[in-house]
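Novice:
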Amino acid sequence: MKTTPPVVVLVEDDPLITRFVAIALEDLSLDLVTCTTAEEAQQLIPLSSCALLITDMMLPGASGLQLIEWLRKSSFSACPVVVFSAGLDYSLTEYLEQLSVRRVLRKPVSVKELVTCIETALNANMATSVMHAARTSNFGDMHVEEYAVNTYFCGDRELFIEYKAACAVQMSTDLTLGAQHLSSSDSAGLHRLAHNLKSVFRLLGLETASDIARNLEEACKGADWEKVQAHWHVIRMEMQRLAAWEKPV
Numbered sequence: 030m031k032t033t034p035p036v037v038v039l040v041e042d043d044p045l046i047t048r049f050v051a052i053a054l055e056d057l058s059l060d061l062v063t064c065t066t067a068e069e070a071q072q073l074i075p076l077s078s079c080a081l082l083i084t085d086m087m088l089p090g091a092s093g094l095q096l097i098e099w100l101r102k103s104s105f106s107a108c109p110v111v112v113f114s115a116g117l118d119y120s121l122t123e124y125l126e127q128l129s130v131r132r133v134l135r136k137p138v139s140v141k142e143l144v145t146c147i148e149t150a151l152n153a154n155m156a157t158s159v160m161h162a163a164r165t166s167n168f169g170d171m172h173v174e175e176y177a178v179n180t181y182f183c184g185d186r187e188l189f190i191e192y193k194a195a196c197a198v199q200m201s202t203d204l205t206l207g208a209q210h211l212s213s214s215d216s217a218g219l220h221r222l223a224h225n226l227k228s229v230f231r232l233l234g235l236e237t238a239s240d241i242a243r244n245l246e247e248a249c250k251g252a253d254w255e256k257v258q259a260h261w262h263v264i265r266m267e268m269q270r271l272a273a274w275e276k277p278v
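So in our numbering, the last spot in the sequence shown is 278, and the numbers never skip.
#1: For the alpha helix (DSSP H) containing Val144, name the first residue and the last one.
#2: Just checking: is the beta-carbon of Glu236 within a distance shorter than 8 Å of some beta-carbon in chain B?
#3: Return the CA-CA distance between Thr47 and Ile83, expressed in angstroms with no decimal places.
#4: Inspect the CB distances between the stretch 93-101 and the stretch 59-70 and report whether three or more fall short of 8 Å.
#5: Can you list, in chain order, the residues of its chain with a C-beta nearer than 7 Å to that of Pro44? Leave out the 5 residues immediately preceding and following it.
#6: Please tell me whether Val229 and Leu245 are closer than 8 Å, where the distance is taken between their beta carbons.
#7: Apart from the five residues on each side of it in sequence, which residues of its chain come closer than 7 Å, Cβ to Cβ, to Ala16?
#8: Distance check for Leu235 and Cys64, CA to CA, integer angstroms please.
#9: Note down, one range per segment and in chain order, each beta strand (DSSP E) of at least 3 residues found wholly within the stretch 164-225.
#10: Three Cβ pairs or more, each shorter than 8 Å: is that satisfied between the stretch 254-268 and the stretch 206-214?
#11: What are the start and end residues of the alpha helix (DSSP H) that includes Phe49?
#12: Expressed to the nearest angstrom, what Euclidean distance is found between the alpha-carbon atoms of Arg231 and Cys79?
#13: Just to confirm before moving on: does the CB-CB distance between Leu222 and Leu233 stay below 8 Å?
#14: Helix, strand or coil for Thr63, going by three-state DSSP, please let me know.
#15: Does the beta-carbon distance from Pro35 to Leu59 come in below 8 Å?
#16: State the Cα-Cα distance for the pair Lys193 and Ser103, rounded to the nearest angstrom.
#17: Could you name each continuous beta strand (DSSP E) segment of 3 residues or more that falls completely within the stretch 95-133, going from the start of the chain to the end?
#18: So, for Phe182: in the same chain, excluding its five sequence neighbours on each side, which residues have a beta-carbon less than 8 Å away from its beta-carbon?
#19: Leaving out the 5 sequence neighbours to the left and right, which residues in its chain are closer than 8 Å to Leu219 when beta-carbon positions are compared?
#20: Would you please state the rounded distance, in angstroms, between the beta carbons of Leu151 and Leu81? I believe it to be under 8 Å.
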């Protein structure tokens with residue numbers, strides 16, 4: 030008798046991170062259902078027999094934390110949760126432990142770590158624990174692509190190239206979106222974009238660009254428009270460089 034694969038709901042507003050997760054988990058026996066907001070997830074979870082929720086913390090509208098709080102008060106409170114986010118501090122992870130979050134992954138993580146986490150979460154008993162993903166370091170002279178392939182893609186260069194190609198396509202949209210946020214003084218929107226770019230660039234081994242995105246994120250948080258404009262000018266060049274990248278034949 031054929032068994033139905035477990036449904037995993039991913040809540041992530043960045044299409045490039047969503048693509049990374051989908052690529053990483055494509056060989057696992059599961060049904061990945063994606064959405065971009067906590068409100069969408071609240072509609073999906075009751076309909077999907079959700080076996081595992083993976084959520085970012087920073088989302089448009091209600092936050093990932095609010096989604097988890099809603100889940101724990103709902104009739105689906107036993108559903109295990111994995112948090113996959115870059116915006117985490119000690120006090121938040123302590124609170125997530127109180128909410129019985131199964132695992133905390135700090136973006137970016139390798140394919141191997143993500144796969145292991147999801148397999149463990151799906152197969153684990155009801156004991157809960159919160160674990161922090163180790164921060165990666167820049168190995169300096171190592172070629173950035175080789176570093177990214179080995180660090181985040183388990184040495185699978187083809188997987189890295191596929192992800193980088195998706196990123197290059199997405200950059201045109203993100204450049205337009207960023208310009209719109211800047212022209213309308215939308216610090217919250219630009220903050221979300223910078224937050225996502227920070228992880229995307231690090232997954233590609235572009236540590237300097239990731240640091241610039243982090244600086245932009247911090248400037249947006251403080252609504253320091255002089256610094257916002259300066260950091261946007263620099264990160265925009267990195268985004269344009271990535272957008273112009275062509276997949277090897």
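Quick reminder that beta carbons are idealized off the backbone N, C-alpha and C, glycines included.
Specialist: This is what the structure gives:
#1: That run of the alpha helix (DSSP H) goes 140-152.
#2: In the structure shown, chain B cannot be found, because there is only a single protein chain.
#3: The alpha-carbon atoms of Thr47 and Ile83 are separated by roughly 11 Å.
#4: Judged by Cβ distances under 8 Å, the stretch 93-101 makes contact with the stretch 59-70, as three or more pairs qualify.
#5: So the list reads Gln199, once near-sequence residues are dropped.
#6: With respect to the 8 Å criterion, Val229 and Leu245 are not classified as neighbours on the basis of their beta carbons.
#7: This structure gives no information on residue 16, because the portion of the chain shown stretches from 30 to 278.
#8: Between Cys64 and Leu235, the C-alpha separation is close to 27 Å.
#9: Segments of the beta strand (DSSP E) lying fully in the stretch 164-225: there are none.
#10: Result yes; three or more Cβ-Cβ pairs closer than 8 Å.
#11: Residue range 44-54 is occupied by the alpha helix (DSSP H) that includes Phe49.
#12: Each residue's alpha carbon lies about 30 Å from the other.
#13: Result no, Cβ atoms of Leu222 and Leu233 do not sit closer than 8 Å.
#14: Looking at Thr63 - three-state DSSP - the assignment turns out to be strand.
#15: In contact: Pro35 and Leu59 (Cβ atoms closer than 8 Å).
#16: Their Cα atoms are separated by approximately 39 Å.
#17: Counting only runs of 3 or more residues that sit fully inside the stretch 95-133, the beta strand (DSSP E) segments are 110-114, in chain order.
#18: For Phe182, where only same-chain residues beyond five positions count, the Cβ hits under 8 Å are Ser139, Val140, Leu188, Phe189, Tyr192.
#19: Excluding residues within five positions, the ones whose Cβ falls inside 8 Å are Gly207, His210, Leu211, Leu245, Cys249, Val257, Trp261.
#20: 6 Å between Cβ atoms; contact.
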